Each structure stands twice: as structure tokens, then as C-alpha cells.
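In this note's numbering, the protein residues as written are -15 to 314.
Glycine included, C-beta positions come from ideal geometry on N, C-alpha and C.
The structure presented is a predicted model; accordingly, all values stated were derived computationally and were not measured.
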Ligand SMILES: Nc1ncnc2c1ncn2[C@@H]1O[C@H](COP(=O)(O)OP(=O)(O)O)[C@@H](O)[C@H]1O
Ligand SMILES: [Mg+2]
């Protein structure tokens, strides 16, 4: 967000402590992202010190909006390490994300006209195609702090307890501008389907879904799922936008391999092997490229050779058939 806009917000939040802290957090985050580490650290120190004042101090700032201790077990703040230059996206998805960003930035105007702002996103597609990465990049590009909910822990700690912990997370996401990310959302969807499951568990999952329904996040709620068509329609319809992360087709494979060989010397054209990589996920193709590049480093060669690449593909193919066998066993 532009600095002027943040300053305006900071002044406008005078007297509303939580909002003030949220804006201050965002200023710090932006400084961190601009690599002004010293300034960011000193700002954070000032902000944190002010929250340790005794409760009776006049005009005390509200505690930082951070996850309540009870939620620490199943929610983690993640510092994005990658940005838009680290991800390869289809043109269609780039368009969707740009649209979401513009909408978010004009959110207040849109809401003032009584219209909803899209804020609940479902990322779908096979493993290794960038769902988790994209959540990280999206948060970074939006300048929003990223909070990852560990669903398995959430479900197990939630069992037998009150809804209070979950309520706190959603309460938080309503106030704090952030990206709240439910990775491996299937865990939730699956428990809902599984009729053999404990009744209690199904009740928990259903109540989580109700929370998701009611939430109007001050940022984004993102869920990622490896399931596709088989995902329960009752879950689908809770999201404002469903975004597909497919395995790369031939042109995308070529773009991705080129990207991975950007600063690498090779004595052959890796793009000629794109055909052999059809059907592979980005994560698998990345592994092939890394493995080939490493071979050259290990053997103290300047250039990656065609044989390095071929061998890396063969290794990946072997690995794939191994995982296929494993999934048959389990
Ligand atoms: N679209 C992509 N662009 C760039 N790198 C990717 C992409 N998809 C996957 N990767 C690489 O593979 C890794 C694993 O992908 P991930 O985002 O965890 O996949 P998913 O969440 O869909 O299973 C990423 O950290 C990244 O290094
Ligand atoms: Mg993932």
C-alpha cells in the first residue's frame, strides 16, 4: 500500500487501538519487505515496548493483534520468502490474481456501494503445482501477513474442547488484515465425508465450515486442496473464487525449464527435453532441473550436460513409479 495511504490510515485510527496496531504492523511489514531491516526492527521494538505498559497507563495501546496463545499450536505466522518472480502462473491465473488485487485495493469503495469483495479463495489441483507457493507469493504481493492454519492439529486439539479457539482465529481474521491459509484443506473435507468418523469430529468440521461461511475477512481466506471434482459441493460454494493449479502443458514446461536454467550454463538445449517431462508437476520438473545442475557442480564442471539432464529425468521417473507403488500399498 502506498505510504501516504498508510499514514492516512494510521491517523484515522487514532483512539482505536487495535486498528492502530494493525496499521503500524503493516508499516513495519512494508519496511521489512523493502529491506529496510534496521528501521523495521526499531519500529517493532518501539511498538512492542508500548504494549508492555501496565494496564492502568493512560491511553494504553491495545496488545498487538496476534493469535491467542491457545491458537499458537495450530496457527503459524510465516514470513514469505518468495515473490512473484519465483512463480510461474498460467495467463488465466495471472488475470484472476490481478483482478483480486485490484478489487481488494478498492474494497472500501466497493463495500460502500453495498457490493461484496471477493475474499475467500479455493486453490485446487494436483500436488506440486504451486498452491502453497502461490499463497505465500500472493500474501507477499498484497503486503499482508500470512498465517497458516495447521488443520490436522486444529482438528485434534479442537476435539472435546469448546469452539473458543477456533472462534478466536476467525475473530482475528475479521480484524487483522491478513491472509489466513488453510493448507491441505482436504483433511477437513475428507473428515466430513468419512461416515466412519467419530460423530464428534464431523460436528467439529461442520462448525468450522460454518465459521468459514460467516467470515468476512479483512484480507483473504485461502484454502488449498489436492482434490478436484470429488470435492464436496457444500465446500465449493463457500468460496468466492476457485483457482485451478494444473500440471504444466508443453509451453508451460518450456517456460518453467527456461526459468530454472536462467543463470545456468548448459552445453545442450534443455527445452528439447520438454516432451519427456509432460505429465510431471512443477515440483517434479524442478527436481529434475536441480538434480542436473547439481551434477555439474559436484563434478566441478562449468556446464550442465545433456546426460546430466537425461539421468535426472530417469531418476525422477524411477521415483514416480516408486511413489505410485507406495500409494497402491497404502
Ligand atoms: N507454478 C510454480 N511455479 C514455480 N515453482 C513451482 C510451481 N509449482 C510448484 N513449484 C515448486 O514446487 C514446490 C512445491 O510446490 P507447492 O507450492 O508446495 O505445491 P502444492 O501446494 O500445489 O502441492 C514449490 O515450493 C516450488 O519450488
Ligand atoms: Mg501444498
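Classify residue i as helix, strand or coil using the three-state DSSP reduction.
| i | result |
| --- | --- |
| residue 83 | helix |
| residue 146 | Its pLDDT being 47, under 50, residue 146 is placed unreliably by the model, and nothing is read from it. |
| residue -5 | helix |
| residue 289 | coil |
| residue 72 | coil |
| residue 8 | helix |
| residue 207 | strand |
| residue 296 | helix |
| residue 121 | helix |
| residue -14 | coil |
| residue 99 | coil |
| residue 309 | helix |
| residue 27 | helix |
| residue 134 | coil |
| residue 186 | helix |
| residue 88 | helix |
| residue 18 | coil |
| residue 284 | coil |
| residue 155 | helix |
| residue 128 | coil |
Report the CB separation of residue i from residue j in whole angstroms; it is logged as a contact under 8 Å.
| i | j | result |
| --- | --- | --- |
| residue 150 | residue 192 | 6 Å |
| residue 169 | residue 131 | At roughly 15 Å, the Cβ-Cβ gap does not stay under 8 Å, so residue 169 and residue 131 are not in contact. |
| residue 293 | residue 276 | 4 Å |
| residue 119 | residue 208 | 7 Å |
| residue 12 | residue -13 | Contact doesn't hold; Cβ gap of about 13 Å is too wide. |
Anything with a beta carbon under 7 Å from a heavy atom of ligand 2 counts; list them all in chain order. 111, 115, 116, 167, 168, 208
Between the segment 235 to 251 and the segment 190 to 205, do three or more beta carbon pairs fall short of 8 Å? no
Along the chain, which unbroken stretches of the beta strand (DSSP E) at least 3 residues long are found entirely within the segment 215 to 282? 225 to 228
Sufficient close CB pairs (3 or more, under 8 Å) joining the segment 185 to 196 to the segment 53 to 72: no
May I ask you to verify whether the segment 249 to 263 touches the segment 210 to 229, counting CB pairs closer than 8 Å and requiring at least 3? no
Would you say the segment 292 to 304 touches the segment 261 to 273, given that touching needs at least three Cβ pairs under 8 Å? yes
Is there contact between the segment 242 to 250 and the segment 271 to 291, where contact requires at least three CB pairs shorter than 8 Å? yes
Touch test, the segment 129 to 140 against the segment 96 to 108, Cβ-Cβ under 8 Å, three pairs minimum: no
If contact is defined by three or more beta carbon pairs under 8 Å, each pair taking one atom from either stretch, is the segment 81 to 88 in contact with the segment 119 to 128? yes
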